[in-house]
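K.L.:
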Amino acid sequence: MAVFSVDYFKSNPKPFFEVARRLYRPHAKPTLSHYFIRLLNDKKILRRHYTQNVDDLERLSGLPEEMFVEAHGTFHTGHCMKCRKFYTFEYMRDRIVRKEVPMCTNKSCNGVVKPDVVFFGEDMPSHFYRNISRDFDACDLLIIMGTSLQVLPFCGLIHKVRSNCPRLYLNREFMNDDTPGIMAVIMRFMVAGFRRSYLRWGHSDNTRDVFVRGDADSSVLKLAQLLGWSDELLRLKEENDARLDLEQCVPPEILGTEAQPSTEQTKPGVSDRKT
Numbered sequence: 001m002a003v004f005s006v007d008y009f010k011s012n013p014k015p016f017f018e019v020a021r022r023l024y025r026p027h028a029k030p031t032l033s034h035y036f037i038r039l040l041n042d043k044k045i046l047r048r049h050y051t052q053n054v055d056d057l058e059r060l061s062g063l064p065e066e067m068f069v070e071a072h073g074t075f076h077t078g079h080c081m082k083c084r085k086f087y088t089f090e091y092m093r094d095r096i097v098r099k100e101v102p103m104c105t106n107k108s109c110n111g112v113v114k115p116d117v118v119f120f121g122e123d124m125p126s127h128f129y130r131n132i133s134r135d136f137d138a139c140d141l142l143i144i145m146g147t148s149l150q151v152l153p154f155c156g157l158i159h160k161v162r163s164n165c166p167r168l169y170l171n172r173e174f175m176n177d178d179t180p181g182i183m184a185v186i187m188r189f190m191v192a193g194f195r196r197s198y199l200r201w202g203h204s205d206n207t208r209d210v211f212v213r214g215d216a217d218s219s220v221l222k223l224a225q226l227l228g229w230s231d232e233l234l235r236l237k238e239e240n241d242a243r244l245d246l247e248q249c250v251p252p253e254i255l256g257t258e259a260q261p262s263t264e265q266t267k268p269g270v271s272d273r274k275t
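Residue numbering for the sequence shown follows UniProt numbering, beginning at 1 and increasing consecutively.
1. Less than 8 Å between the CB atoms is what I'm expecting for V101 and V117, so what's the real figure, rounded?
2. Output the distance between the C-alpha atoms of F4 and C80, rounded to the nearest integer angstrom.
3. Identify the continuous beta strand (DSSP E) that holds P115 and give its terminal residues.
4. Grouping DSSP H, G and I as helix and E and B as strand, with all else coil, what is L170?
5. In angstroms with no decimal places, state the Cα-to-Cα distance between P166 and K10.
6. Take every Cβ of the region 21-39, pair it with every Cβ of the region 213-225, and state whether three or more of those distances are shorter than 8 Å.
7. Go to residue 277, then tell me how far its alpha helix (DSSP H) extends in each direction, as first and last residue.
8. Can you look up C83 in the DSSP assignment and give me helix, strand or coil?
9. Which two residues bound the contiguous beta strand (DSSP E) that contains Y50?
10. When the Cβ atoms of the region 92-99 are set against those of the region 9-28, are three or more pairs found closer than 8 Å?
11. Distance, Cα to Cα, Q52 vs G73?
12. How many angstroms separate the CA atom of T257 from the CA atom of L244?
13. Kindly indicate the opening and closing residues of the beta strand (DSSP E) around D209.
14. If you compare alpha carbons, which of P115, M124 and I144 is closest to T77?
15. Applying the 10 Å Cβ sphere with the 16-neighbour rule, what's the burial state of Y129?
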């Protein structure tokens, strides 16, 4: 979509901020899947969490910033496109919900403030590439959660672990090398190893891949039950959600906009995240 192109944003930023205003949910909370990742870190067994999401829910779950990589950037911060002055989410939010384009406060600049999300036509963040080698070389178990494995270069991460590293895939549908589509064709040419580079669940030569069908929240709860962690996981969500209720003080004028709080939980089963 043109609205997510950096070139289009530079020429006309208003459509992007209109979309952002409509999508804004003041009281959004992490899902059970986010808290499962947080629990892995609390137990000192999380190497790193990689996500394509830009919704900031990892931070809200209490996961330390050094423990996750936002491959497509974040709405948590922004910068002026001219002078690179730093801006907070709150600064951008307050203007977006008033149907304004966030502008730089430097009088000599007056540039547009762009959220630090990766638009089409922009490079991935440098820390995405910086961490890959040491993280995936050290990985003992790769959990792939809620992704269709169709978006490059992020989907290529599943091939970065050692050949004997187990890979657990939690998703509503199994996406494999037989899945039709242009991205499947592209991946066959771009990823070394051709067919054997894909998840091998369902193939006779599979020795390490496991697939669990279902949405991410249901799947991580089942996994937590098998590990004897379910009570701990549910308690973590309850306690942290209560903390967020106290901390998420949204100005009344923000709540009075068309962007009302959603009555539904975000479904992580349709997001792209890897642990």
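A virtual CB, placed ideally from N, CA and C, is assigned to each residue, including glycine. Predicted model only: the values in this text are computed from it and were never measured.
P.N.:
Taking the geometry as given:
1. So it is not a contact: roughly 15 Å between Cβ atoms.
2. One C-alpha to the other measures close to 17 Å.
3. That run of the beta strand (DSSP E) goes V113 to V117.
4. In the structure shown, L170 sits in a strand (DSSP, three-state: E or B).
5. For the pair P166 and K10, the Cα-to-Cα distance works out to about 44 Å.
6. Three or more Cβ pairs closer than 8 Å define a contact, and the region 21-39 meets that threshold against the region 213-225.
7. In this structure the chain extends from 1 to 275, so residue 277 is not present and cannot be described.
8. In the displayed model, C83 falls within coil according to three-state DSSP, outside both helix and strand.
9. Residues H49 to T51.
10. Three or more pairs of CB atoms, one per stretch, sit closer than 8 Å, so the region 92-99 contacts the region 9-28.
11. In this model, Q52 and G73 are separated by some 8 Å (Cα to Cα).
12. Low confidence applies here, because T257 scores a pLDDT of 49, under 50, leaving its location unreliable and the question unanswered by this model.
13. Per DSSP, the continuous beta strand (DSSP E) segment holding D209 begins and ends at D209 to R213.
14. The residue from P115, M124 and I144 with its alpha-carbon nearest to that of T77 is P115.
15. With fewer than 16 other Cβ atoms within 10 Å, it is exposed.
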